[in-house]
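See structure below.
Numbering (the numbering used here), first residue to last: 297 to 555.
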């Protein structure tokens, strides 16, 4: 059993109780959670991974002893180290083109998201004014334009034109038993950038990160969804790294029949 430590959920939950609002979204205070994984599987799961923050008692119980450097680095120390790394990046990229700097900032945040979600959301919650332009507009548009090349690990669900007849069963592949909020796109119109196909998944991901960090929604109960019906963007269709279905975009009745 491990404790989660995402600041901000408690504030949102308290505010809801104070105003007597009806519970429709999960802003409950995270408590202890049962971990059914052990060893390297925990370290590779960003929701459970605490990096070097696992105390020796948890390392023994979870089969982590020897898989991490011996020194325990607290959550607060990891937080300070990340913030210093981010500020160092800002200093070192002064004078560089804005799009280069924006993508560099997004990458360092995305690497943290891939590794340790608890720390990631704590950083966002405490610094939302600084990081909102990076995880969402305007940087998310640049990310979507380059998403196939930036891709590191899966996030969200993808329903493509090739999945016709399979979508009802596919939804059970999502690991969370309950979902409170879904953001869906088909990538056809992304922030005035036009048809970006499957690369539009960056919008649901970024928008839900905003809802988690600014509204206190439980990050385990959100789901970004991409409806990949093809793209009419010839540049993407010719890109060997493009991650989506290589076909012209479905439209009209053909679109509706699939979805």
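Beta carbons are placed, not taken as given, at the ideal position from N, Cα and C, and that holds for glycine.
Since the structure is predicted, the reported quantities are computational estimates derived from the model, not experimental observations.
For residue i and residue j, I'd like the C-alpha separation in whole angstroms.
i	j	result
residue 349	residue 550	51 angstroms
residue 405	residue 359	28 angstroms
residue 494	residue 385	30 angstroms
residue 510	residue 401	19 angstroms
residue 338	residue 472	16 angstroms
residue 335	residue 530	45 angstroms
residue 372	residue 363	21 angstroms
residue 526	residue 446	20 angstroms
residue 421	residue 512	9 angstroms
residue 463	residue 419	35 angstroms
residue 331	residue 552	41 angstroms
residue 390	residue 340	34 angstroms
residue 456	residue 470	16 angstroms
residue 261	residue 477	The structure shown does not extend to residue 261, since the chain is modelled only from 297 to 555, so the question has no answer here.
residue 357	residue 375	25 angstroms
residue 508	residue 423	13 angstroms
residue 383	residue 393	17 angstroms
residue 425	residue 377	19 angstroms
Does the distance from the CB of residue i to the CB of residue j come in under 9 angstroms?
i	j	result
residue 540	residue 524	yes
residue 347	residue 369	yes
residue 475	residue 449	no
residue 528	residue 482	no
residue 439	residue 502	yes
residue 522	residue 497	yes
residue 444	residue 535	yes
residue 545	residue 465	no
Please go through the same chain and pick out, in chain order, the residues whose beta-carbon is closer than 8 angstroms to the beta-carbon of residue i, but skip the five residues on each side of it.
i	result
residue 342	409, 410, 411, 412, 413 and 416
residue 467	453
residue 432	502, 503, 505 and 506
residue 399	435, 438, 439, 442 and 446
residue 395	438
residue 461	none
Should residue i go down as buried or exposed, given a rule of 16 or more other Cβ atoms within 10 Å for buried?
i	result
residue 352	exposed
residue 381	exposed
residue 441	buried
residue 506	buried
residue 366	exposed
residue 542	exposed
residue 407	exposed
residue 345	buried
Looking only at DSSP bridge pairs, what is residue i linked to?
i	result
residue 456	524
residue 519	478
Which residues in the same chain as residue i place their Cβ atom closer than 6 angstroms to its Cβ, once the five residues preceding and following it in sequence are excluded?
i	result
residue 317	With a pLDDT of 41 at residue 317, under the threshold of 50, the predicted position of this residue should be treated as unreliable, though the coordinate-derived value follows. Taken in chain order, the list of residues that qualify is empty.
residue 520	452, 479, 500, 501 and 504
residue 355	361
residue 538	444 and 532
residue 427	420
residue 548	none
residue 320	Residue placement at residue 320 is poorly supported in this model, since its pLDDT is 47, which falls under 50; the coordinates still yield a value, given next. Same-chain partners within the cutoff: there are none.
Looking only at its chain, what residues have a beta carbon closer than 7 angstroms to the beta carbon of residue i, apart from the 5 residues adjacent to it on each side?
i	result
residue 429	435
residue 459	466
residue 397	389
residue 333	341 and 344
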